[in-house]
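Numbering (this note's numbering), first residue to last: 20 to 359.
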């Protein structure tokens, strides 16, 4: 493997100080090429980036953790895509919204929560359940954390444990993702994220404000992981039959379909979809995290890219990163064609 153009694009992110550093892996079946570039931190002092460091992967929590448990429940018949959310969360009250809407971000759930980040967990829970359904319901994909926060609570209602406990037991442990956790014990092994007025330098604690309030009951963010563990997760997608209790094969193989109500929004269950042309036109799964993390998985060719940064260090939102991140993905998709 070489991926010289993609690695050059990653080096540009570091050289132009768009991000402090990058940890990456290119996966071609059983072959893995990984590496690091740049720094782990700029403040309070410059710190070298080391291989194997742990990242707050933010919204990758949705697809690695919450979606995986949801697929298990669907495969077991304990949950159905067309179930109204109100079956499990009666306080929500709008029976039009289904599990499919949550998983594809087509629920239309919206609304403003005053002082959201200062609320207690109980008050934030009540406020989220009190949100209304807007005009995008069932007709447009609008990405929103609330969908997977609700999914986490539904998982809790079915299994009787907080969603993050369920993910640890039912996904991370059985897949052997031994360095992945929701509760890091060594902050210095973690890549720091933002410096905030209220929390100072955030390191070894979830960056996402809602995740920080909800803790174990948050299904949208909170996972910490490493390149090696995420490579293991990607490779499990090649052969879900070998991990059937964790990644139900029937459902995993169907993830390349557009599951939105219109079938036109480029969204699967959990994953976003993009197209590649080699060896013939097909879809690739991808997802990003606010902190600067990214996964792209091509089940058809058994290829993947793991791309981890802390682009919110020392402060968010770092908008220039977004365009360059998308350019990196485009370069990777073009470069991987013909390598298998």
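Ideal Cβ placement from N, Cα and C applies to all residues, glycine included.
None of these values were measured; they are calculated from a predicted model.
Identified DSSP bridge partners for residue i
{"i": "residue 244", "result": "74"}
{"i": "residue 210", "result": "Paired residues: none, contrary to the question."}
{"i": "residue 41", "result": "56 and 328"}
{"i": "residue 13", "result": "Within the shown structure, residues of the chain are numbered from 20 to 359, placing residue 13 beyond reach of any answer."}
{"i": "residue 50", "result": "47"}
{"i": "residue 215", "result": "219"}
{"i": "residue 316", "result": "304 and 323"}
{"i": "residue 67", "result": "58"}
Residue environment, residue i, which counts as buried when at least 16 other CB atoms sit within 10 Å
{"i": "residue 131", "result": "exposed"}
{"i": "residue 322", "result": "buried"}
{"i": "residue 31", "result": "exposed"}
{"i": "residue 209", "result": "buried"}
{"i": "residue 237", "result": "buried"}
{"i": "residue 175", "result": "buried"}
{"i": "residue 282", "result": "exposed"}
{"i": "residue 342", "result": "exposed"}
{"i": "residue 149", "result": "exposed"}
The ligand SAM heavy atom lying under 7 Å from the CB of residue i
{"i": "residue 133", "result": "Although the ligand SAM was asked about, the structure shown includes no ligands whatsoever."}
Residue i, DSSP secondary structure in three states
{"i": "residue 175", "result": "helix"}
{"i": "residue 94", "result": "helix"}
{"i": "residue 167", "result": "helix"}
{"i": "residue 83", "result": "helix"}
{"i": "residue 347", "result": "helix"}
{"i": "residue 250", "result": "helix"}
{"i": "residue 301", "result": "strand"}
{"i": "residue 189", "result": "helix"}
{"i": "residue 105", "result": "helix"}
{"i": "residue 292", "result": "strand"}
{"i": "residue 117", "result": "strand"}
C-alpha gap between residue i and residue j, whole angstroms
{"i": "residue 81", "j": "residue 205", "result": "24 Å"}
{"i": "residue 187", "j": "residue 290", "result": "20 Å"}
{"i": "residue 182", "j": "residue 68", "result": "31 Å"}
{"i": "residue 45", "j": "residue 109", "result": "44 Å"}
{"i": "residue 262", "j": "residue 249", "result": "15 Å"}
{"i": "residue 101", "j": "residue 65", "result": "50 Å"}
{"i": "residue 352", "j": "residue 284", "result": "20 Å"}
{"i": "residue 190", "j": "residue 83", "result": "8 Å"}
{"i": "residue 152", "j": "residue 180", "result": "28 Å"}
{"i": "residue 161", "j": "residue 127", "result": "7 Å"}
{"i": "residue 306", "j": "residue 48", "result": "20 Å"}
{"i": "residue 125", "j": "residue 55", "result": "37 Å"}
{"i": "residue 297", "j": "residue 135", "result": "45 Å"}
{"i": "residue 170", "j": "residue 111", "result": "12 Å"}
{"i": "residue 320", "j": "residue 94", "result": "25 Å"}
Please give the ranges of any beta strand (DSSP E) in the segment 123-158, keeping only runs that are unbroken, at least 3 residues long and fully inside the region.
none
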